[in-house]
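Single-structure report; data block below.
In the numbering used here, the protein residues as written are 1329 to 1581.
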């Protein structure tokens, strides 16, 4: 039997001492696309931060296995080198660091981790230009500092380029449609779809259905009260768009 790509069992996690994730379970197999949907403020992004090892996000119990390995035994850098990638809702700016330098060091760190020879500058530039062309990116973008002065659409396109050159095994898209107009959304979705294969997986975290018109999930999960409360096909996303999340959200006393 093939080992699942990601297995989360009875996960509990805290942020600033407050329990946000409460008995979360999810299995993603190779080749699958999963979408987690829920209202704003429900804590969906907490899951992505816990999985990627962001400081301040504390897993208190439960297990997570990534490609059969104990995820929590790996540092954030090791998780990235193993093939875990996070497309952030609000990508940070890194003044003074050109996109080319950022990507080259990232690619070679992963290659070194895997025991592969590093790419020299010319090999890397040739590769990143080819990948950027596939995604319809302006060649001038990769000469700029990371995300500095970028529009929302440009930041998301750059993250798609990062996925293209890093080739993650599991990409987590956290509110990837945030701040995008319809044209930028199509470009980003087409790029993500072009990278998806039977050898990797996608986890999409969103509260709107519109992104799922372009990146069609195999499974849709409703996240509420710190855990998955309902799972269905892509049609579930349409139901949520029509009816909202009221039936899944507990009223505060």
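Backbone N, C-alpha and C define an ideal beta-carbon position, used for all residues, glycine too.
Everything numeric in this text was worked out from a predicted model, so none of it was measured.
Boundaries (first-last residue) of the beta strand (DSSP E) holding residue i
i            : result
residue 1389 : 1385-1394
residue 1365 : 1361-1365
residue 1415 : 1412-1415
residue 1507 : Looking at the DSSP string, residue 1507 is not in any beta strand (DSSP E), and its letter there is neither H nor E.
residue 1481 : Note, residue 1481: premise wrong, no beta strand (DSSP E); alpha helix (DSSP H) at 1480-1494.
residue 1548 : 1547-1552
residue 1346 : 1346-1356
Exposure of residue i, with buried meaning 16 or more beta-carbon neighbours within 10 Å
i            : result
residue 1550 : buried
residue 1383 : exposed
residue 1407 : buried
residue 1528 : buried
residue 1514 : exposed
residue 1485 : buried
Between the CA atoms of residue j and residue i - distance to the nearest angstrom
i            : j            : result
residue 1343 : residue 1423 : 28 Å
residue 1399 : residue 1385 : 14 Å
residue 1356 : residue 1448 : 35 Å
residue 1498 : residue 1530 : 6 Å
residue 1487 : residue 1502 : 11 Å
residue 1521 : residue 1512 : 14 Å
residue 1439 : residue 1402 : 17 Å
residue 1579 : residue 1573 : With a pLDDT of 49 at residue 1579, under the threshold of 50, the modelled position of this residue cannot be trusted; read the value that follows with caution. Going by the C-alpha atoms only, they are around 12 Å apart.
residue 1452 : residue 1491 : 15 Å
residue 1506 : residue 1444 : 36 Å
Residues near residue i by beta carbon distance below 8 Å, same chain, minus five either side
i            : result
residue 1470 : 1426, 1427, 1428, 1431, 1456, 1457, 1460, 1489
residue 1345 : none
Own chain partners of residue i with C-beta closer than 6 Å, once the 5 adjacent residues on each side are dropped
i            : result
residue 1474 : 1422, 1425, 1427, 1430
residue 1339 : 1349, 1352, 1390
residue 1329 : Confidence in residue 1329 is poor, its pLDDT being 49 and thus under 50, which makes the residue's placement too unreliable to answer from.
Residue interval of the alpha helix (DSSP H) (run including residue i)
i            : result
residue 1441 : 1427-1441
residue 1516 : 1510-1523
residue 1460 : 1449-1462
residue 1374 : 1372-1380
residue 1501 : Segment 1498-1502 is the beta strand (DSSP E) holding residue 1501; no alpha helix (DSSP H) there.
Cβ-based neighbour list, residue i, same chain, cut-off 7 Å, excluding 5 preceding and 5 following
i            : result
residue 1341 : 1348, 1349, 1374, 1378, 1385, 1386, 1387, 1388
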